[in-house]
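Enquirer: I have a structure here, written as structure tokens, and I will follow up with some questions on it.
Protein chains: 2
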Amino acid sequence: MTTHETSRAEWRATPQRAAVLRALHVRDGFASAQTLHAALVADGVPVGLSTVYRTLRFLEAAGHVDVVRDREGERLYRFRSADGHRHYLLCRECGLSLAVDAGDVERWAVRIARDTGFHAVDHTVELTGVCARCRPGRPGRPGRRPEEA
Amino acid sequence: MTTHETSRAEWRATPQRAAVLRALHVRDGFASAQTLHAALVADGVPVGLSTVYRTLRFLEAAGHVDVVRDREGERLYRFRSADGHRHYLLCRECGLSLAVDAGDVERWAVRIARDTGFHAVDHTVELTGVCARCRPGRPGRPGRRPEEA
DNA sequence: GTAGATGCAAAAGGTTTGCAACCAC
DNA sequence: GTGGTTGCAAACCTTTTGCATCTAC
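If you read the protein sequences in the order shown, they are chains U and S. The C-terminal residue of the first sequence carries number 151 in the working numbering, and the numbering is unbroken. The C-terminal residue of the second sequence carries number 151 in the working numbering, and the numbering is unbroken.
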């Protein structure tokens, strides 16, 4: 996966792209383009929002990140682990994300595809919840989202 | 629970709302607000886009429709069937939607929740593909027409 | 030197909202 | 009459794109 990929346009190393990659690594949960951009700017890295979007799109096309959508439809990005673990359990409070084994779901999807005669069946599986640490006490004490930076 | 629901503002019957409901019924696959609005206008029903959106939001809040997002992030609405069948296999070409049995996935989600200690785990499961009728080229397999569930 | 990258601002989509006019009850 | 409803337009948000400038190779 670290192959040079000369198939598409050359990837030119720039400080901005390095910064986006770093920002993605640091918070290894999901993050939106806007959040990453804000974090970079806050860190004193002068990078344009367009560049963040372009870099993320490139990473997405290259298969280096997984993308999910939050409730509002915003895209969230996360580095893809080694092979194909692409399903996550995401904490709605703090953004913590756990890769989960979705073998059962993969097999289920294949079975559905076969049973229905559909082709090129793709699946989206996202789990969200509240992690043990964010376990809501009572309504009066909201946990405030610690992911906010 | 899903009875009269007088809990929120009264639902006042209007021609526009009736039209949106009708439009949703007619195409009982998923449809976007924009698509519904266009269809209504084309049918000579003068209804504003805002009203379509507002009606759909109301239906969503009342739990009468299921909502998924297509690849571009557009919201697609569909009447929710009686019980709780909320997972669909959607044809990317024609929009045909099949309700699929997701019992396995439901159980898988519950198991994941238990194993991870997460609370209030919610799941999103969407299957998309190309139905037999829309299958491009590839002659030889007279795909059976899946029945709308 | 040059192909490619950056950043600004403006555009593009989809969705929501402010507000005056409207209509069902 | 009153209060919910409508519709237009403008506001909002996220994401994309045009273009002149800049830079990594």
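C-beta: ideal position from N, C-alpha, C; glycine also. Since the structure is predicted, the reported quantities are computational estimates derived from the model, not experimental observations.
#1: Check this for me: beta carbons of S:L23 and S:L38, under 8 Å apart or not?
#2: I want to see whether chain S comes within less than 8 Å of U:P63, judged by CB atoms only; does it?
#3: Quick one: using the 10 Å Cβ neighbour count with 16 as the cut-off for buried, is U:W13 buried or exposed?
#4: Look at the Cβ atom of S:W110, then the Cβ atom of U:D106, and state whether they are nearer than 8 Å.
#5: Taking DSSP as the reference, what is the three-state secondary structure of S:R137?
#6: Below 9 Å on C-beta distance, what does S:H27 contact in chain U?
#7: Where does U:G131 sit, in a helix, a strand or coil, going by DSSP?
#8: Contact defined as beta carbons within less than 8 Å: I believe S:E128 pairs with S:Y79. What is the distance between those atoms, to the nearest angstrom?
#9: Examine chain U for any beta-carbon lying closer than 8 Å to the beta-carbon of S:D68, and answer yes or no.
#10: Could you check how far apart the C-beta atoms of U:V43 and U:A21 are, in whole angstroms? I think they sit under 8 Å.
#11: In three-state terms, what does DSSP make of S:R94?
#12: Between U:C133 and chain S, is the shortest Cβ-Cβ distance under 8 Å, so that the two count as touching?
#13: When the Cα atoms are used, what is the spatial distance from U:R147 to S:A41?
#14: Rounding to the nearest angstrom, what Cα-Cα distance links S:C136 and U:V123 in this structure?
#15: For a test of the three-state rule: what should DSSP assign to U:V43, helix, strand or coil?
#16: Mind listing the chain S neighbours of U:D30? Cutoff is C-beta to C-beta under 7 Å, in chain order.
#17: Which residues, in chain order, does the stretch 102-131 of chain U contribute to contact with chain S at a C-beta distance below 7 Å?
#18: Taking DSSP as the reference, what is the three-state secondary structure of S:A63?
#19: For S:V54, which residues from the same chain have a beta carbon less than 6 Å from its beta carbon, with the 5 sequence-adjacent residues on both sides left out?
#20: Specify, as a first and last residue, the run of the alpha helix (DSSP H) that S:A21 falls within.
#21: Alpha carbon to alpha carbon, what distance is there between U:D68 and U:A33?
#22: Quick one: which unbroken beta strand (DSSP E) runs of 3-plus residues sit fully inside the stretch 95-129 of chain U? Chain order, please.
#23: For S:G50, count the other beta carbons within 10 Å of its own beta carbon; 16 or more makes it buried, fewer makes it exposed. Which is it?
Expert: Inspection of the coordinates gives the following:
#1: no
#2: Per the sequence shown, the amino acid found at residue 63 of chain U is Ala instead of Pro. By this cut-off, U:A63 is not an interface position.
#3: exposed
#4: yes
#5: coil
#6: What S:H27 touches in chain U: nothing, since even the nearest Cβ is about 23 Å away.
#7: strand
#8: S:E128 to S:Y79, Cβ: 14 Å. No contact.
#9: no
#10: 10 Å between Cβ atoms; not a contact.
#11: coil
#12: yes
#13: Residue placement at U:R147 is poorly supported in this model, since its pLDDT is 40, which falls under 50; the coordinates still yield a value, given next. Near 41 Å, if we compare the C-alpha coordinates of S:A41 and U:R147.
#14: 13 Å
#15: helix
#16: Chain S residues near U:D30: none, gap ~17 Å exceeds 7 Å.
#17: V102, D106, V107, W110, A111, I114, A115, T118, G119, F120, H121, A122, V123, D124, H125, T126, V127, E128, L129, T130, G131
#18: helix
#19: V22, A35, L38, H39
#20: 17-28
#21: 11 Å
#22: 99-101
#23: exposed
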